[in-house]
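Numbering (our numbering), first residue to last: 1129 to 1305.
The beta carbon of each residue, even a glycine, is placed where N, CA and C say it ideally should be.
Step one of this worksheet: look at the structure below.
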């Protein structure tokens, strides 16, 4: 027997699907932003002036700047140079995607202590900007994967998973349960 849907049930179902799609896009955006931070941290951690570890952290130790210290990746000088170049290229792409106002808002939010993913959410990005950022981040991930050895990539995945599990004990494999 086939159920017939009344108009109110159809609208409610469409609204539910719309909310799910919005949640999906927001989740993708947040994950993309997290990827930006993670990959930028991999690169930046190789160059900070003072690399003192803070005790009590799981996963990678952090520098005074609060960024992961990826010394155990044992990056070669060539890898460091290539990663720095990828970071600069990505930063240039992101600067081209964001408006001057959005860049200023982002800088102010981060200077005020907001974490970059939270600060990015306040930028009111257009769908086109979100897609461009996602494309730039995917390109960056691809370039980084070509630079790092499989062992280095696995070490990053392991540490990222440790940090994720520590920060979000209610999740399983990156998905809420």
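message: Whole angstroms are fine: how far does the CA of residue 1206 sit from the CA of residue 1243?
response: 30 Å
- prompt: Can you list, in chain order, the residues of its chain whose CB lies under 7 Å from that of residue 1280, leaving out five sequence neighbours each side?
  reply: 1201
- request: Specify the secondary structure class of residue 1242 as computed by DSSP and reduced to three states.
  value: coil
query: Taking the C-alpha atoms as reference points, what is the distance between residue 1276 and residue 1216?
result: 17 Å
query: Quick one: Cα of residue 1286 to Cα of residue 1271, how far?
result: 20 Å
- prompt: Roughly how many angstroms separate the alpha carbons of residue 1214 and residue 1261, rounded to a whole number?
  reply: 15 Å
query: Looking at the structure shown, is residue 1253 part of a helix, part of a strand, or coil, going by DSSP?
result: coil
Exposure of residue 1268, with buried meaning 16 or more beta-carbon neighbours within 10 Å: buried
query: Is the CB-CB distance between residue 1230 and residue 1251 below 8 Å?
result: yes
- request: Could you tell me if residue 1239 is buried or exposed, where buried requires 16 or more neighbouring beta carbons within 10 angstroms of its beta carbon?
  value: exposed
- request: Taking all protein chains shown into account, decide if residue 1344 is buried (16 or more other Cβ within 10 angstroms of its Cβ) or exposed.
  value: Outside the shown range of the chain (1129 to 1305) lies residue 1344, about which nothing can therefore be said.
task: Please report the Cβ distance between residue 1225 and residue 1257, rounded to the nearest whole angstrom; I am assuming they are in contact, meaning their Cβ atoms lie under 8 Å.
output: 5 Å
Residues of its chain near residue 1218, where Cβ-Cβ distance is below 7 Å and the 5 sequence neighbours each way are ignored: 1264, 1268
message: I'd like to know if residue 1279 contacts chain C, where contact means its C-beta is closer than 8 Å to some C-beta of that chain.
response: Absent here is chain C; the protein component of the structure consists of one chain.
field: Inter-residue spacing [alpha-carbon to alpha-carbon] between residue 1221 and residue 1234
entry: 15 Å
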